[in-house]
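**Q** In the numbering used here, the protein residues as written are 1051 to 1201.
Every residue, glycine too, gets a C-beta built ideally from N, C-alpha and C.
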Amino acid sequence: MPTGKRSGKKSLLRLRDKWEEPVSYTVTVIADGTCRAGHEVGQSFEFSWRSPEGLCTESLVGMYPILHSMRIFGDMRELGSPERNVRVYGCPSQEIKFKIEAFYKCNLCGKQLQVSDDGVQSYGLQCTKPRFPLHVCETCYSSHKDNRIEW
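1. Whose C-beta lies closer than 6 Å to the C-beta of E1098 among residues of the same chain, with five residues either side of it excluded?
2. Since V1186 and L1158 are thought to touch, with beta carbons under 8 Å apart, how far apart are those beta carbons, to the nearest angstrom?
3. Whole angstroms are fine: how far does the CA of S1166 sit from the CA of S1109?
4. So what's S1094 in DSSP terms, helix, strand or just coil?
5. Would you mind reading off the limits of the beta strand (DSSP E) that contains T1076?
6. Ignoring anything shorter than 3 residues or poking outside the region 1119-1195, list the beta strand (DSSP E) runs there in chain order.
7. Does L1129 pass the burial test, meaning 16 or more other C-beta atoms within 10 Å, or should it be called exposed?
8. Mind checking who L1063 pairs with in its DSSP beta bridge?
9. Assuming M1113 contacts Y1154 (C-beta within less than 8 Å), just tell me the rounded distance between them.
10. How would you label R1134, buried or exposed, when you count the other beta carbons within 10 angstroms and need 16 or more for buried?
11. Three-state secondary structure (DSSP) at S1101?
12. Only counting the same chain, and skipping five residues up and downstream in sequence, which positions put a Cβ closer than 6 Å to that of T1053?
13. Check W1069 in the structure and name its three-state DSSP category.
14. Reducing DSSP to helix, strand and coil, say where T1084 ends up.
15. Have a look at T1076, T1189, S1061 and W1201 and flag the residue whose alpha-carbon is nearest the alpha-carbon of I1116.
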């Protein structure tokens, strides 16, 4: 028979059922030259976790440190860029220039998060198993702030 008392136990949110990659990229060719991969101005690649088909592997390997820095919310202005989430990268042969732009999304619903001078505008939740921070939109924060969160 129900007593009307709540158990006080938090409901469980399993991230593996809702996970959205937090960062996606658009890499656009902004200057071309002699290129074995055939890259031309205006060519664009969109991707998140997996490497994009058709992008020169030498350029991808060279730009990886930038991509990783953006993935962990690095500020590209510290490297001379005018915007915190944009960086221009010259390929290893110095023929092609790419504009790399990062877009940040809510980890739970995929809604795009805004980027300002102060950083990515998001609300923080904490996954407890394994322990890592989540960046979420206001709606997901309100819906899940009282949940226990595990992978």
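**A** In terms of the structure at hand:
1. Walking along the sequence shown from the start, residue 1098 turns up at place 48. Residue identity check: residue 1098 is Ser in the sequence provided, not Glu. Contacts found: E1071 and S1074.
2. Looking up residue 1186 in the sequence shown gives position 136. Looking up residue 1158 in the sequence shown gives position 108. That belief holds up - the Cβ atoms of V1186 and L1158 are roughly 5 Å apart, short of 8 Å.
3. Here residue 1109 is taken as the residue at index 59 of the sequence shown, counted from 1. Here residue 1166 is taken as the residue at index 116 of the sequence shown, counted from 1. Cα-Cα distance, rounded: 28 Å.
4. Within the sequence shown, numbered from 1, the residue matching residue 1094 stands at position 44. In the structure shown, S1094 sits in a strand (DSSP, three-state: E or B).
5. On the sequence shown, residue 1076 is found 26 positions in, with the first residue counted as 1. V1073 to A1081 is the span of the beta strand (DSSP E), which, as asked, contains T1076.
6. 1136-1140, 1147-1155, 1173-1178 and 1181-1186
7. Start at 1 with the first residue of the sequence shown, and residue 1129 comes out as number 79. Per the 10 Å Cβ criterion, exposed.
8. The count along the sequence shown starts at 1 and reaches residue 1063 at position 13. The partner list for L1063 (beta bridge, DSSP) reads I1199.
9. In the sequence shown, residue 1113 corresponds to position 63, counting from 1. In the sequence shown, residue 1154 corresponds to position 104, counting from 1. Actually they do not touch by this definition, with Cβ atoms about 18 Å apart.
10. Locating residue 1134 in the sequence shown gives position 84, where the first residue counts as 1. R1134 comes out buried.
11. Here residue 1101 refers to the residue found at position 51 of the sequence shown. Note: S1101 maps to coil in three-state DSSP.
12. Position 3 of the sequence shown, counted from the start, is the residue given in the question as residue 1053. In this predicted model, T1053 has a pLDDT of only 46, less than 50, meaning its place in the structure is not dependable; the value taken from the coordinates is given anyway. Within the same chain, T1053 has no close Cβ partners at all.
13. The residue given as residue 1069 occupies position 19 in the sequence shown. Looking at W1069 - three-state DSSP - the assignment turns out to be coil, as it is neither helix nor strand.
14. As a first step, residue 1084 is located in the sequence shown; it is residue number 34 there, counting from the start. Residue state, collapsed to three classes: coil.
15. Here the question's residue 1116 lines up with position 66 in the sequence shown. With distances taken between Cα atoms, I1116 lies closest to T1076.
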